[in-house]
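Student:
There are 2 protein chains.
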Amino acid sequence: MSAKKTTAKPIADTAALNEAWRVMHFALRAVIAEPDRILAARGLTRMHHRILFFVAHTPGMSVGELQTTLDVTKQALNAPLRQLQTQGLIELAKADHDARVREIRLTTEGASLEGKLTGEQHKLFAAAFAAAGAEAHEGWRTVMRELARGAGMA
Amino acid sequence: MSAKKTTAKPIADTAALNEAWRVMHFALRAVIAEPDRILAARGLTRMHHRILFFVAHTPGMSVGELQTTLDVTKQALNAPLRQLQTQGLIELAKADHDARVREIRLTTEGASLEGKLTGEQHKLFAAAFAAAGAEAHEGWRTVMRELARGAGMA
DNA sequence: CGAAAAGGTCAACAACGTTGACGTATTCTG
DNA sequence: CAGAATACGTCAACGTTGTTGACCTTTTCG
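Chain order of the listed sequences is U and Z.
Counting with my numbering, you get residues 1 to 154 for the letters of the first sequence.
Counting with my numbering, you get residues 1001 to 1154 for the letters of the second sequence.
1. Taking ARG145/U as the query, report the chain Z residues whose CB atoms sit under 7 Å from its CB, ordered along the chain.
2. Which of the residues in the stretch 1026-1047 of chain Z, read from start to end, lie with their CB under 8 Å from any CB of chain U?
3. Taking Cβ positions, are GLN83/U and LEU44/U nearer each other than 9 Å?
4. The beta strand (DSSP E) with ALA1093/Z in it runs from where to where?
5. Just by C-beta distance, which residues in the stretch 129-141 of chain U are closer than 8 Å to chain Z?
6. Would you call the stretch 1093-1111 of chain Z and the stretch 1134-1144 of chain Z in contact, with 3 or more CB pairs under 8 Å?
7. Of all the options ALA1136/Z, ALA1132/Z, GLU1065/Z and LEU1124/Z, which has the alpha carbon lying nearest to the alpha carbon of TRP21/U?
8. Comparing C-alpha positions only, which one of GLY133/U, ALA33/U and ILE51/U sits nearest to VAL72/U?
9. With H, G and I counted as helix, E and B as strand and the rest as coil, what does DSSP make of LEU1044/Z?
10. Reducing DSSP to helix, strand and coil, say where ARG141/U ends up.
11. Helix, strand or coil: which one does DSSP assign to ARG1037/Z?
12. So which residues of chain Z does HIS122/U contact, with C-beta pairs closer than 9 Å?
13. Does the Cβ of MET1144/Z lie closer than 8 Å to at least one heavy atom of the ligand ADP?
14. Is ARG1050/Z helix, strand or coil by DSSP?
15. Could you check the C-alpha separation between GLN1085/Z and VAL1063/Z for me, to the nearest Å?
16. Would you report the Cα separation of ALA1131/Z and ALA1012/Z, rounded to the nearest angstrom?
17. Judging by CA-CA distance, which residue of VAL1055/Z, GLU1146/Z, MET1047/Z and ALA1015/Z is the nearest neighbour of GLU1091/Z?
18. What are the complete beta strand (DSSP E) segments, minimum 3 residues, inside the stretch 1099-1127 of chain Z?
19. Using alpha carbons as the reference points, say which of ALA1033/Z, VAL1023/Z, ALA1015/Z and ASP1096/Z lies closest to MET1061/Z.
20. Provide the residue span of the alpha helix (DSSP H) that contains GLY64/U, from first to last.
21. THR1069/Z CB to nearest chain U CB: under 9 Å?
22. Nearest to ALA1041/Z by alpha carbon, out of ALA1093/Z, ALA1134/Z, ALA1099/Z and LEU1117/Z?
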């Protein structure tokens, strides 16, 4: 447990590391804030957001695939899914190849909402990248990729 | 609502912005993973972590201050607080100036755990920064600060 | 002394997700 | 073709968390 005083000059000191964590939080909060408010205004939650997000990127996704992707039970998925359908944001249609499967896709309105949510996030990222400059952007990506490498990257 | 097709060359394209969001998630997950496991092994939750974290940075904090800081009710705080106390990770002592106030501080063991948790995160950050280089680190900070600026920075 | 502040605690709720158990089409297979 | 398996849907019982409300104690302060 001894605080090994590495004589080798570290690239980042403790203060910087602490700041890294703090800044990470604030940044995340900033990026999530607006989308969250928009969702809440419609009585939607993060689960709905996740659904919209994945369906937007993989139109025609089946309920089962979505379930696996989000790692939740079908029961947990069922309610939000129907609410989105009721609100006319998504559509469920039997698959041609297999009538048991229900393919999910966004309606025009659903795509619009998803775009708005994503757009809010993009705005913040774009602004930050623009303000920081292309070089900083490159550095940011590099660091983030390194960090992400430690997890179960997709 | 119209997707304004800006002809002005953006510093980041849609693909990059999408990636930014994804990478952000993975990075966060990576940084949280280990601490979470350590906590879970002791039957502790994120709330406990948050408490340890703030108390570590502000020793002698009062229950009320902590409550305000974490933005939860005293009832929600009470249970985790006592569990931490029972596990000998924190100590509650009456304040000299005001016997109504209970000052919270980490015990040696508590500080040790907090240090371990923080240490795990620092390890990842340090590794990422080291691998990415000082320049990338600088860029990373710049972008993160810009992003965080949009939120209620502390 | 009496009001106010800092805490603690019991109890009723509400949100969210989980497991378990069935029920219904639909497709696949021996 | 009959039965097993698949993809979903749904009712129900829980467990976890955090919230609000009400009440009580100790301590401070006008």
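C-beta: ideal position from N, C-alpha, C; glycine also.
This one's a predicted model, so the numbers in the text were calculated from it and none came from an experiment.
Tutor: Result, derived from the coordinates:
1. Numbered from its first residue, the first sequence carries residue 145/U at position 145. Neighbours of ARG145/U on chain Z, chain order: VAL1023.
2. PHE1026, ALA1027, LEU1028, ARG1029, ALA1030, VAL1031 and ALA1033
3. Position 83 of the first sequence holds residue 83/U. Position 44 of the first sequence holds residue 44/U. Against a cut-off of 9 Å, the Cβ pair of LEU44/U and GLN83/U comes out as a contact.
4. As a working mapping, residue 1093/Z is identified with position 93 in the second sequence. From DSSP, the beta strand (DSSP E) with ALA1093/Z extends over 1090-1094.
5. PHE129, ALA130, ALA131, ALA132, GLY133, ALA134, GLU135, ALA136, HIS137, GLU138, GLY139, TRP140 and ARG141
6. no
7. Along the first sequence, one-based indexing puts residue 21/U at 21. The shortest C-alpha separation from TRP21/U is found at LEU1124/Z.
8. The residue you call residue 72/U lines up with position 72 of the first sequence. For the residues GLY133/U, ALA33/U and ILE51/U, the minimum Cα distance to VAL72/U belongs to ILE51/U.
9. If you number the second sequence from 1, residue 1044/Z lands on position 44. Coil, per DSSP.
10. Locating residue 141/U in the first sequence gives position 141, counting from the first residue. Helix.
11. For the purposes of this step, residue 1037/Z is identified with residue 37 of the second sequence, where counting begins at 1. Helix, per DSSP.
12. The residue given as residue 122/U occupies position 122 in the first sequence. Close to HIS122/U, with beta-carbon spacing below 9 Å, are these residues of chain Z in chain order: ALA1012, THR1014, LEU1017, ASN1018, ALA1020 and TRP1021.
13. Questions concerning the ligand ADP fall outside what the structure shown contains, since it holds no ligand whatsoever.
14. To locate residue 1050/Z, count along the second sequence from 1; it is residue 50. Note: ARG1050/Z maps to helix in three-state DSSP.
15. As a working mapping, residue 1085/Z is identified with position 85 in the second sequence. As a working mapping, residue 1063/Z is identified with position 63 in the second sequence. Taking the straight line joining both Cα atoms gives about 13 Å.
16. Here residue 1131/Z is taken as the residue at index 131 of the second sequence, counted from 1. Here residue 1012/Z is taken as the residue at index 12 of the second sequence, counted from 1. Straight-line Cα distance between these residues: approximately 24 Å.
17. Within the second sequence, residue 1091/Z is the residue found at index 91, counting from 1. Minimum Cα distance to GLU1091/Z is reached at VAL1055/Z.
18. 1102-1106
19. Locating residue 1061/Z in the second sequence gives position 61, counting from the first residue. Ranked by Cα distance from MET1061/Z, the options ALA1033/Z, VAL1023/Z, ALA1015/Z and ASP1096/Z are led by ASP1096/Z.
20. In the first sequence, the residue the question calls residue 64/U occupies position 64. Element bounds for GLY64/U: 63-70.
21. Sequence index remark: in the second sequence, residue 1069/Z carries index 69 (1-based). No, no contact with chain U.
22. For the purposes of this step, residue 1041/Z is taken as the residue at position 41 of the second sequence. Here the closest residue by C-alpha is LEU1117/Z.
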